[in-house]
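Data first, discussion second: the structure below is written as structure tokens.
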Amino acid sequence: MSIIEVKNLKTYFFTPFGVVKAVDGVSFEMKKGQALGLVGESGCGKTTIAYSIMRLVPLPGKIVDGEILLDGENILELSEKDFKKYRWKELSMVFQGAMAAFNPLFKIGNQISEAMLYHMKINKKDSMKRSGELLELVGIDADRLNNYPWELSGGMRQRAMIAMALAANPTVLVADEPTTALDVIVSRQIMELIKSIREKLDLTMLLITHDISVVAQTCDEVVVMYAGKLVEKASVSEIFKNSYHPYTTALIKVFPSIKGPNRDLEGIPGNPLDLMNPPNGCRFAERCLFAKEKCFRDEPIFTEVENRHLVACHYWKEISMRN
Amino acid sequence: MSVKKSGVNFITLFKAAPLSSQVMVVIGSIFTLILLIFVTLGPYITPHDPYEFTKNILAPPSAINLMGTDNLGRDLLSRLIFGSRYSLGISLVAVGLSLFLGLILGSGSGFFGGNLDRVMMLIMDALYIFPSFIYMLVLVVVLGPGMWQTTLAISIGRIPYNFRLIRSLTISIKERGFIEAERVLGAGNWYIIRKHIMPYYISILFVVVSLGMASGTLAISGLGFLGLGIPPPTPEWGTELSSGRNFLLGGHWWLVVFPGFFVMIAMLGFNLLSEGLDTMLNPTVRRLK
Amino acid sequence: MKLKYYITTRLVMAIPTIFILLTSVFFLMQVLPGDPIVIMYGERFPTVYVEQIRHNLGLDRPIYEQYLTYLGKLGRGDLGISLIHKIPVIQKIRQVYPVTLEVALSGLLLATIIGVPMGIIAAVRRDGIFDHVSRVASLYIQSNPGFWIALLFQLFFGLWLGWFPISGRSPPSFDLPKITGLHIIDSILALDFTAFRQTLTYLFLPCLTIGITSIPMLSRLTRAAMLNVLGEDYMVTAKAKGLPQNVIIYKHGMRNGLLPVITSIGGTFTWLLGGTVIAEKIFALPGLGSLLMESLLGRDFTMIQGIVAIYALIVVIMNTLIDVVYAAADPRVQY
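Protein chains in written order, with this note's numbering: chain A, 1475 to 1797; chain B, 23 to 311; chain C, 208 to 542.
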């Protein structure tokens, strides 16, 4: 049974220049204990989905339609006061850019145990002890509890943030580009860490990234997003073997294999979409090599075409047979 | 998505500003306009002669003398309207002068940097940290009585503030890449300053000038009140207030209330204008919660 | 321990500042028209003696020599003799500076107590009723010249309502042992509550005037600082953690937001100090400002120099204090 169900989510940004439809009708679900990777290029709306689930959408953004069910309950209908008890305890988040996420004036230990004190029956002393344990779990020396965020290196800050996210024993963890700001080696360490923690604590995880190869290592399922809409969803093995959407295929091809034969880099032609005036038909049509007349006219619907494999493309069958 | 360059001008910025800002700009402009009329057309629009003695001394406000008369029977309203060319005129010249000097010193120091900059900063910081009004008092006495001397004293007092402002603006512009690019193309220093740095000053110019007018008017009337400004019988607002104070205990409140009122209206106009313009020209977009 | 080192470092760094100010005033005094001897002894003093005294006082020496002598004396704490009062400058200043300090500090306290919370609430409830009202009120108050407000208060509270005395520092019967010179503190230390009450009534109007004129500046700066902080990422984190609303605002928001306010208080004090000159005139308070006015009008060179030196010292000490408080509050500042 699904722990998270997103139904037709629409989150728009009402700017002075116009309305940006960042998330325009997105539906997916996550089962307990599952790791779902949400992939897409910068600006496609994936972070906005994360913030929508966490109910942290910044102004001038607003969730205008849809439902988000947490264990069957629509959290969008709750008042902020009622929703507070779910915050961090059921749903927590690892933010992109750990530097800014921490308050520079308080020590790490203080900020980690803070979350515990308000969600669990625990006293100050024990919460500090537990914070120390969490730091050890993510590979940081427990002494670091007394450090300020700016005294830590980038990689350590990211780990500390993961520790903080785990403070209240969350059911669901949303990780927003946890490795973007880090170098390749530290990146890999962090991803390994996330993977092992997930397995150890049986966490449900939503991993947001623009790098599909990261998803391959750590997730069970992948969902691909483009210009505010979902285009494909499948298990990791399935998607790398049999991607049905031209965008997914292109995404996979973009990242060269370090082991494979040398080849030219393949980009995706065209420009990102203007989300203020999305076109009528398929949003990828402009950049798609296989687009036909129907693609510019009718918007394809995100449907399950095979067992647990969903696509939004009119000609998925023909394209997949070509490959 | 690109914003067309020609489309963004004063009118569009005004329309895009929030209502409160628009109201402030309008009201501030109206006040400033009225004051401008007083300054330029003063002598022609006063109901009576500001210097004419009458027998009607210390009269409270009436239909003939809307703001009453002073101890020599002179109409207060006329005197105050006429006095605006001193209170505001001197302020304007002083602000202009100090802005000009601050511009040269600040942009030069910020642009060229090095030891020159360090020395300038040291001096200007010392002066900035000191209450400028007190410094002005000493300068006024040193330079002696007289309109130009007072103007100079006020403008010198304000230089450290302007210097800092211009200097930090210059440095922030200098640190952007395109200055280096221009250098590579062979542009001379003053060309760079003129063409690239100066335009940025225009955007803050309006705000700085109106703020300066507010503080300049306050300074000159403050000096006048202390007896160190323009001496009587010239009806500078601060001087009038100081004279009027002598008659306060006798219950002649109008001699104190109205001169101060004029100063207040002037400052209100300038403050409204600067506040409104500031929001209009420098909108902050970031908002949360 | 390290804090003491920081304090001394800051004070040492402030020396060039004081030096520059004193030097500039010294040379300004040279430009000031007027003969010091004539000022001391009057126009009719026989010329013969004038030259003798001029020589004794070292006023016929070249300027750079006088300057060095001046600096030397300064180092020993000798500010010279007042031309008008004929007593050491230091002595006269010691009599009057507590008055100015009392008014200035009480005004600053008032402005901080009202202005800072005002700014905080305006920022937290941005664009709400309070925000708009307080911004309009600030703008209006800011546009009122201090001397006018003072006079209106005198008129209204003093003359018409008769609630407060309109001038002076204390009633004629006042008798208090001088410990700090600040009546407020001295009266408490002496447990003389009548004196305390009397001081308050006399201090009220000047303090109110000085305080009110500084409120708009502080309120505006506080609001800006708080708004800045409220938009930071760690505020999002705090909200995501599901912390109670007041913890989010007070622990995370205010602690960060009030840091720049500390610095602003220093700036406000400097501005406010200029205003005390006017307040002292209006309320007939025998402080530094009144002394300065008397010295300026009477061309008391040595006194003018001395008073400027004291103002500079006050300002520098205040700013150092502010810096130290800031350093203690912000763990990012290394010392």
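Note that the Cβ used here is the ideal one computed from N, Cα and C, for glycine as well.
Bear in mind that the values here come from a model prediction, so they are computed numbers and not experimental data.
Annotated three-state conformation of A:Y1622 is coil, per DSSP. Around the Cβ of C:E439, a 10 Å sphere holds 16 or more other Cβ atoms; the residue is buried. Proximity of the stretch 232-241 of chain B to the stretch 80-87 of chain B falls short of the contact definition, fewer than three beta-carbon pairs being nearer than 8 Å. For A:F1488, the pairing in a beta bridge is given by DSSP as A:V1493.
Residue pairing by DSSP puts A:Y1700 in a beta bridge opposite A:K1703.
Residues of chain C with a Cβ closer than 7 Å to the Cβ of A:E1651 do not exist, since the nearest Cβ in that chain sits about 14 Å away. The beta carbons of B:I103 and B:G132 sit about 42 Å from each other, so the pair does not count as a contact at 8 Å. With 16 or more other Cβ atoms inside 10 Å of its own Cβ, B:G291 counts as buried. Listed in chain order, the non-local C-beta contacts of C:K446 below 8 Å within the same chain comprise I455, local neighbours out to five positions each way being set aside. Taking the Cα positions, A:G1629 is about 49 Å away from C:A344.
Of all residues in the stretch 216-250 of chain C, only P223, T224, I227, L228, V232, L235, V238, L239, P240 come within less than 7 Å of chain B when Cβ atoms are compared, listed by chain position. In this structure, B:I287 is the residue among B:L165, B:Q44, B:I287, B:R96 with its C-alpha nearest to the C-alpha of B:T239.
The beta-bridge partner set that DSSP reports for A:L1544 consists of A:I1478, A:E1547.
In the structure shown, C:I373 falls within a coil segment according to DSSP collapsed to helix, strand and coil. Chain-ordered, the chain A residues with CB closer than 9 Å to the CB of C:E439 read A1574, N1577. Where C:H339 is concerned, the enclosing alpha helix (DSSP H) starts and stops at 336-349. In summary, the residues of the stretch 1533-1556 of chain A whose CB is separated from some CB of chain C by less than 9 Å are E1554, K1555, in the order they occur in the chain. For A:D1600, the closest alpha carbon among the candidates A:R1631, A:P1578, A:M1567, A:A1641 is that of A:A1641. Of the residues assessed, B:A175 falls on the buried side of the cut-off, its CB having 16 or more other CB atoms within 10 angstroms. When DSSP states are grouped into helix, strand and coil, C:A445 belongs to the helix group.
Per the Cβ contact rule, the stretch 418-434 of chain C is in contact with the stretch 465-477 of chain C (3 or more Cβ pairs under 8 Å). The C-beta distance from B:L159 to B:L250 rounds to 6 Å, short enough to meet the 8 Å contact threshold. Around B:E297, the beta-carbon contacts reaching into chain C at under 9 Å are R342, L346. A:V1648 is bridged by DSSP to A:M1567, A:L1680. The Cβ-Cβ distance between C:G365 and C:T420 does not fall below 9 Å. Under DSSP, A:R1561 forms a beta bridge with A:L1565. Contact annotation for B:R189 against chain C: no contact, minimum CB-CB distance about 17 Å [criterion: below 7 Å]. Residues of chain C with a Cβ closer than 7 Å to the Cβ of A:Y1789 do not exist; the shortest Cβ-Cβ separation is about 41 Å.
Per DSSP, reduced to three states, the secondary structure at B:K37 is helical. Residues of the stretch 1492-1508 of chain A with a Cβ closer than 8 Å to any Cβ of chain C: none. In the DSSP assignment, A:E1780 falls within the unbroken beta strand (DSSP E) covering 1777-1780. Counting every other CB atom within 10 Å of its CB across the protein chains shown gives A:S1553 a total below 16, marking it as exposed.
Counting other Cβ atoms within 10 Å of its Cβ, A:D1556 stays below 16 and is therefore classed as exposed. Bridge pairing for A:H1783: A:E1780 [DSSP].
The beta carbon of C:D537 sits closer than 8 Å to those of L466, all from its chain and outside the five residues before and after it, given in chain order. For the stretch 1513-1534 of chain A, the residues whose beta carbon sits under 7 Å from a beta carbon of chain C are, in order, M1528, L1530.
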